[in-house]
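Asker: A single structure is presented below for examination.
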Amino acid sequence: GQPRAIVAPIPLSGLRGAAPYSRAMQHPSPRDVVNRQLEVYNAHDIDGYCALFAPEATILDLVTGQMICKGLAEIRDVYTRRFSENPKLSCTVHQRLEGPTHAIDKETVYGLPSGPLHIMAIYEVREGLIRSLRFIRWTD
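Numbering-wise (this note's numbering), the sequence shown opens with residue 179 and increments by one.
Here you go:
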């Protein structure tokens with residue numbers, strides 16, 4: 179016959195906060211989502227990119243306070259243009275911190291006319307989707 183998985187019940191009585199933690203385990207970690215986002219960004223795969231964002235996701239410049247994108251339609255529009263206007267666009271992650279709902283990357287974006295762009299990117303990831311992306315950006 180077929181191999182069967184053995185699943186032992188874990189008693190949750192007396193474990194405060196166990197239920198929210200177990201629900202979170204059904205979704206990919208912020209690290210997994212942000213790793214996938216980097217792959218599809220570097221491949222200029224707009225559909226794959228947009229699939230990782232929640233419909234109401236926001237992208238914000240933390241230094242200026244400028245809302246870069248609000249909602250998936252704007253994200254698709256901005257990044258479709260960015261990918262088509264910058265065929266050599268790529269991102270390298272130098273460092274990452276991760277918490278249960280966030281990943282914070284130190285990145286460099288290459289292939290822009292203005293030269294390399296250094297970024298601290300704060301990704302809020304809930305239920306396997308990026309809810310917000312906040313940037314601190316600077317050039318050399």
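Yeah, the Cβ is synthetic: ideal placement off N, Cα and C, and Gly gets one too.
Nearest-angstrom Cα distance between residue 246 and residue 236?
Answerer: Distance between the alpha carbons of residue 246 and residue 236 is about 8 angstroms.
Asker: State the Cα-Cα distance for the pair residue 265 and residue 289, rounded to the nearest angstrom.
Answerer: About 7 angstroms.
Asker: Alpha carbon to alpha carbon, how far is residue 234 from residue 252? Give it in angstroms, no decimals.
Answerer: Distance between the alpha carbons of residue 252 and residue 234 is about 10 angstroms.
Asker: Please state whether DSSP places residue 273 in a helix, a strand or coil.
Answerer: Three-state result, residue 273: strand.
Asker: In whole angstroms, what separates the C-alpha of residue 257 from that of residue 219?
Answerer: Roughly 9 angstroms between the two C-alpha positions.
Asker: Under 8 angstroms, do residue 301 and residue 212 count as touching if we go by C-beta distance?
Answerer: Cβ atoms of residue 301 and residue 212: closer than 8 angstroms.
Asker: Which partner residues does residue 283 have in the DSSP bridge list?
Answerer: DSSP lists 274, 299 as partners of residue 283.
Asker: Taking the alpha carbon of residue 296 as the reference point, which residue from 217, 316, 228 has its own alpha carbon closest?
Answerer: Ranking 217, 316, 228 by Cα distance to residue 296 puts 316 first.
Asker: Considering only residues of the same chain and omitting the five flanking positions on each side of residue 222, which have a CB-CB separation below 6 angstroms?
Answerer: Cβ neighbours of residue 222 beyond the five flanking positions: 261.
Asker: For residue 195, does the count of other Cβ atoms within 10 angstroms reach 16, so buried, or fall short, so exposed?
Answerer: Unreliable placement is indicated for residue 195, whose pLDDT of 45 sits below 50; no coordinate value is reported for it.
Asker: Can you tell me the Cα-Cα spacing of residue 205 and residue 304, whole angstroms?
Answerer: Cα to Cα, residue 205 sits roughly 8 angstroms from residue 304.
Asker: Could you tell me which uninterrupted beta strand (DSSP E) segments, each at least 3 residues in length, are contained entirely in the region 199-266, listed from first to last along the chain?
Answerer: Runs of the beta strand (DSSP E) inside the region 199-266: 231-239, 245-248.
Asker: Counting along the chain, where does the beta strand (DSSP E) carrying residue 310 start and finish?
Answerer: Its beta strand (DSSP E) spans residues 307-317.
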